[in-house]
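K.L.:
Residue numbers (the UniProt record's numbering): 1 to 245. Sharing a structure with you now.
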Amino acid sequence: MHSETAATTIIEKYQIPDTDQYDGDCLHDKLLSYMADERRNTPWKYLRETSKRSDYQSEWNTDMRTYLEMIFPGDEFVYDKSIPADIQRDHGATTVRRYRPDARCEKRKLIVEFDGLPHYQELHSIFNDRERDTWARDLGYEVVRIPYWLPLNVENIDFLFGVHVSEGCPLKFGLFDNPNRDYGIGISPASFCEQGALRFAREFEQLPAVTQEILLDDLALVTEANAYGIDALPSCISGLRHGDN
Numbered sequence: 001m002h003s004e005t006a007a008t009t010i011i012e013k014y015q016i017p018d019t020d021q022y023d024g025d026c027l028h029d030k031l032l033s034y035m036a037d038e039r040r041n042t043p044w045k046y047l048r049e050t051s052k053r054s055d056y057q058s059e060w061n062t063d064m065r066t067y068l069e070m071i072f073p074g075d076e077f078v079y080d081k082s083i084p085a086d087i088q089r090d091h092g093a094t095t096v097r098r099y100r101p102d103a104r105c106e107k108r109k110l111i112v113e114f115d116g117l118p119h120y121q122e123l124h125s126i127f128n129d130r131e132r133d134t135w136a137r138d139l140g141y142e143v144v145r146i147p148y149w150l151p152l153n154v155e156n157i158d159f160l161f162g163v164h165v166s167e168g169c170p171l172k173f174g175l176f177d178n179p180n181r182d183y184g185i186g187i188s189p190a191s192f193c194e195q196g197a198l199r200f201a202r203e204f205e206q207l208p209a210v211t212q213e214i215l216l217d218d219l220a221l222v223t224e225a226n227a228y229g230i231d232a233l234p235s236c237i238s239g240l241r242h243g244d245n
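Encoded structure:
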């Protein structure tokens, strides 16, 4: 499925062994198998907000609680609970509202949210995110949103939280690949609404260079759909380049 150029680039960059005997779809299968083994052998995998989700798979995912306990050892976080009215008032809220962050730490005045596909595909979700973030920041909280497509490797943890850690999710190629072999369209920026695409472009420009490089590799596979006369990616994303931060 994937082009020879893209496959060769991935092999050279990540030094995946024993690939000379493979080509085409066979090579694609070899790459996926190799990456799957790598991910299974680390406790730090793709983030999900909770292990209670129906789509949570322990061989592929690590929940937010586990990550935050590693990043902020000893700090108390509250998960998936509404901010109590008295705490809202203590922060200066004039009107109490119901807001249930994925994670909240009062000691650090920190709110952490995991943003799945709907936060890029649905305009009302994007609006709600912006409105809630404004409200929370007005109360003195720092709000960190973690996109579903962003692996929490060492560099990205430092970027998001300003914390240096010794380990994290391996930064591997294949963020938008999926078993359906649809060029990654279904879970990639090709499926975003206009405002979601603009959000992705803004976030990309702020990311560490090593993360930008991985994302561009994956987006190159998405654009293979162009061979069928489809402009898969919005122009604000297809024009992104390494070093745009």
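Even for Gly, the Cβ is constructed at its ideal location relative to N, Cα and C.
(1) Measuring only the C-alpha atoms, how far is Glu-131 from Asn-61?
(2) Look up Pro-234 in the DSSP assignment and say whether it is helix, strand or coil.
(3) If you run the structure through DSSP and keep just helix, strand and coil, what is Asn-61?
(4) Thinking C-beta only, is Ile-111 closer than 7 angstroms to Pro-101?
(5) Looking only at its own chain, which residues have a Cβ that is under 6 angstroms from the Cβ of Tyr-120, when we skip the five neighbours before and after it?
(6) Would Ile-146 and Phe-176 be called neighbours here (beta carbons separated by less than 7 angstroms)?
(7) Near Ser-188, what residues of its chain come up, given a Cβ to Cβ distance below 6 angstroms and the 5 sequence neighbours on each side ignored?
(8) Beta strand (DSSP E) containing Arg-145: first to last residue?
(9) So is Ser-235 buried or exposed if we call it buried at 16+ other beta carbons inside 10 Å?
(10) Starting from the C-beta of Leu-123, find all residues in its chain whose C-beta is less than 7 angstroms away, skip the five residues before and the five after it, and write them out in chain order.
(11) Would Arg-104 and Val-143 be called neighbours here (beta carbons separated by less than 7 angstroms)?
(12) Hey, quick one: how far does the alpha helix (DSSP H) through Leu-207 stretch, first residue to last?
(13) Relative to the C-alpha of Pro-73, which residue among Lys-107, Gly-229, Leu-47 and Asp-90 is closest?
(14) Quick one: give me the first and last residue of the beta strand (DSSP E) that Tyr-46 is part of.
(15) Would you kindly check if the distance between the Cβ of Ala-201 and the Cβ of Leu-233 is under 7 angstroms?
(16) Hey, could you find the ends of the alpha helix (DSSP H) Asp-161 is sitting in?
(17) Would Glu-212 and His-242 qualify as a contact pair, given that the criterion is a beta-carbon distance under 7 angstroms?
(18) Output the boundary residues of the beta strand (DSSP E) element that contains Arg-89.
(19) Output the distance between the C-alpha atoms of Trp-44 and Leu-171, rounded to the nearest integer angstrom.
(20) For Val-222, which of helix, strand or coil comes out of DSSP?
(21) Can you list, in chain order, the residues of its chain with a C-beta nearer than 6 angstroms to that of Pro-208? Leave out the 5 residues immediately preceding and following it.
(22) Whole angstroms is fine: what's the gap from Asn-153's alpha carbon to Phe-127's?
(23) Could you tell me the distance, in whole angstroms, from the CA atom of Ser-166 to the CA atom of Glu-205?
(24) What do you reckon, are the CB atoms on Tyr-67 and Lys-109 nearer than 7 angstroms?
P.N.:
The structure says:
(1) 29 angstroms
(2) In this structure, Pro-234 counts as coil in the three-state DSSP scheme.
(3) Here Asn-61 sits in strand by DSSP.
(4) Using a Cβ distance threshold of 7 angstroms, Pro-101 and Ile-111 count as a contacting pair.
(5) Phe-192 and Gly-196
(6) no
(7) Phe-176 and Val-222
(8) 142 to 147
(9) exposed
(10) Contacts found: Cys-193 and Gln-195.
(11) no
(12) From DSSP, Leu-207 is part of no alpha helix (DSSP H); its letter is neither H nor E.
(13) Lys-107
(14) 46 to 48
(15) no
(16) Inspection of the sequence shows that residue 161 is occupied by Phe rather than by Asp. Where Phe-161 is concerned, the enclosing alpha helix (DSSP H) stretches over 154 to 161.
(17) According to the sequence displayed, residue 212 carries Gln and not Glu. Taking 7 angstroms as the Cβ cut-off, Gln-212 and His-242 qualify as a contacting pair.
(18) Not the beta strand (DSSP E): Arg-89 falls in the alpha helix (DSSP H), residues 85 to 90.
(19) Using only the alpha carbons, I get a separation of about 10 angstroms.
(20) helix
(21) Glu-155 and Phe-159
(22) 28 angstroms
(23) 25 angstroms
(24) no
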